[in-house]
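Student:
Numbering (this note's numbering), first residue to last: 62 to 395.
As structure tokens, this is what we get:
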């Protein structure tokens, strides 16, 4: 299915990835008829002109029916989530997103939607494969036998199965991407839901401008991750949504760094060096996680195009501008 000319709804459009996705879809000729998020419109990161923007709680089925009406493509990104500090301390809240995904699938079926894209997460992967910072990159098959991130990861894996069975039993074409640590401007950078790249940028900026040249790092800084810039995410999302690939696909960068190296890059961008204080009691997630992109490269010839240093520089510049202008921004769910 080619997305150009299709009528689409983006769920979670008031958040980070959803807001960027609406803009990207519009730029590529997709008729985004509706954008939906639980937050009031004045708390959305981006509101797009010419798109019906609704504040709806998609845990409620009637809201989902309203969201899906008159569309033939659903992008389901709505979820209650955040960085590791949030998901480790809000497991029940994260699990409740299963209501959103279930009701959106039911609404899509009832409203005759042709294609349903679901944003899953690298948190679905078996934790026993992520105990060493010297990681072996995670292949799609490594989600089973199941031992995902407690709370958030279990909900994502369950919802992947829901997508699969709605396709098998009802013929609703579903596509699933497992996002790996998406970052960039116009996203959460404070308030407790922010992820590592934004948190590190904020801490470095605050240290630079306060004159107190210290930074707190969660864990020992040796844990490893890969981070995907938002433009690569939106492009990959659209490619997967258009594809005839039915199984979940990794969508992430395979440029592996330690958290210490992430801080190194942010310090280099800022032009300073900071004293590092390690909080070993803080949430730090798994010891190592990286995306194996073999399958998506093989099937779709896709690879991320933006290096971490370049993407982080753009993110840093945006967060610095936000901090210096003291512009209030609400914590986003995506």
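Built from N, CA and C at the ideal position, the CB exists for glycine as well.
For residue 62, name the three-state secondary structure that DSSP assigns.
Tutor: In the structure shown, residue 62 sits in coil (DSSP, three-state: anything other than H, G, I, E or B).
Student: In chain order, which beta strand (DSSP E) runs of at least 3 residues are fully inside the segment 155 to 199?
Tutor: Segments of the beta strand (DSSP E) lying fully in the segment 155 to 199: 176 to 182.
Student: In the DSSP assignment, what residue or residues form a beta bridge with residue 137?
Tutor: According to DSSP, which records beta bridges pairwise, residue 137 is partnered with 72 and 179.
Student: Beta-carbon within less than 8 Å of residue 79's beta-carbon, same chain only, minus the 5 sequence neighbours each way: which residues are those?
Tutor: Answer for residue 79: 71, 72, 73, 96, 98, 136, 138, 139 and 395, listed in chain order.
Student: Just verifying my parser: in three-state terms, what is the DSSP assignment at residue 319?
Tutor: Of the three classes helix, strand and coil, the one that applies to residue 319 here is strand, per DSSP.
Student: Look up residue 375 in the DSSP assignment and say whether it is helix, strand or coil.
Tutor: Helix.
Student: Any chance the segment 183 to 195 sits against the segment 114 to 131, with 3 or more Cβ pairs inside 8 Å?
Tutor: As far as the Cβ criterion goes, the segment 183 to 195 does not touch the segment 114 to 131, which means the pair count is below three.
Student: I'd like the span of the alpha helix (DSSP H) that includes residue 301, first residue to last.
Tutor: Residue 301 -> alpha helix (DSSP H) spans 291 to 303.
Student: Would you tell me roughly how many angstroms separate the C-alpha atoms of residue 326 and residue 126, rounded to the nearest one?
Tutor: Rounded to whole angstroms, residue 326 to residue 126 spans 45 Å at the Cα level.
Student: Using 10 angstroms around the beta-carbon of residue 385, count the other beta-carbons present and answer buried if the total reaches 16, otherwise exposed.
Tutor: The residue is exposed, with fewer than 16 neighbouring Cβ atoms inside 10 Å.
Student: Where does residue 308 fall in DSSP's three states?
Tutor: Residue state, collapsed to three classes: coil.
Student: Say yes only if the C-beta of residue 377 is nearer than 8 Å to one or more non-hydrogen atoms of the ligand ATP, and no if none qualify.
Tutor: The ligand ATP is absent from the structure shown, which contains no ligands of any kind.
Student: Which residues does DSSP list as the beta-bridge partners of residue 353?
Tutor: DSSP output for residue 353 lists no bridge partner at all.
Student: Measure the alpha-carbon distance for residue 273 versus residue 324 and round it to whole angstroms.
Tutor: Rounded to the nearest angstrom, the two C-alpha atoms are 16 Å apart.
Student: Verify whether the separation of the beta carbon atoms of residue 313 and residue 362 is less than 9 Å.
Tutor: No. Outside cutoff.
Student: Under a Cβ-count criterion, where at least 16 other Cβ atoms within 10 Å of its own Cβ denotes burial, should residue 297 be classed as buried or exposed?
Tutor: Burial call: buried.
Student: Measure the C-alpha to C-alpha separation of residue 155 and residue 64 and round it to an integer number of angstroms.
Tutor: Near 30 Å, if we compare the C-alpha coordinates of residue 64 and residue 155.
Student: Applying the 10 Å Cβ sphere with the 16-neighbour rule, what's the burial state of residue 287?
Tutor: Counting Cβ neighbours within 10 Å, residue 287 comes out buried, since at least 16 surround it.
Student: Which residues does DSSP pair with residue 88 in a beta bridge?
Tutor: Answer is none; residue 88 lacks a bridge partner.
Student: Between the Cα of residue 247 and the Cα atoms of 221, 208 and 290, which residue gives the shortest distance?
Tutor: The candidate whose alpha carbon is nearest that of residue 247 is 290.
Student: Quick one: grab the DSSP three-state call for residue 115.
Tutor: Strand, per DSSP.
Student: How close, in whole Å, do the beta carbons of residue 94 and residue 128 come, if the pair is a contact with beta carbons under 8 Å?
Tutor: That pair is no contact at about 10 Å.
Student: Any idea if residue 101 is buried or exposed, counting beta-carbon neighbours within 10 angstroms, 16 or more meaning buried?
Tutor: It is exposed - the Cβ of residue 101 has fewer than 16 other Cβ atoms within 10 Å.
Student: Considering only the alpha carbon of each residue, which of 157, 370 and 104 lies closest to residue 121?
Tutor: Ranking 157, 370 and 104 by Cα distance to residue 121 puts 157 first.
Student: Can you look up residue 123 in the DSSP assignment and give me helix, strand or coil?
Tutor: DSSP places residue 123 in helix when its eight states are reduced to three.
Student: Measure the alpha-carbon distance for residue 133 versus residue 303 and round it to whole angstroms.
Tutor: Roughly 13 Å separates the two Cα atoms.
Student: When you compare each of 220, 377 and 255 to residue 239 by their alpha carbons, which one comes out closest?
Tutor: Per the Cα distances, 220.
Student: Considering only C-alpha positions, which residue in the set 257, 380 and 234 is nearest to residue 146?
Tutor: The candidate whose alpha carbon is nearest that of residue 146 is 257.
Student: Just mark residue 338 as buried or exposed, buried being the case when its beta carbon has 16 or more other beta carbons within 10 Å.
Tutor: Counting Cβ neighbours within 10 Å, residue 338 comes out exposed, since fewer than 16 surround it.
Student: Spell out a yes or no on whether the segment 273 to 285 and the segment 225 to 233 are touching, meaning 3 or more CB-CB pairs, one atom from each, closer than 8 Å.
Tutor: No, because fewer than three Cβ pairs between the segment 273 to 285 and the segment 225 to 233 fall closer than 8 Å, the two stretches do not touch.
Student: In this structure, how does DSSP classify residue 231 when only helix, strand and coil are distinguished?
Tutor: Correct three-state label for residue 231: helix.
Student: Would residue 347 and residue 161 be called neighbours here (beta carbons separated by less than 9 Å)?
Tutor: No, the Cβ-Cβ distance between residue 347 and residue 161 is not below 9 Å.
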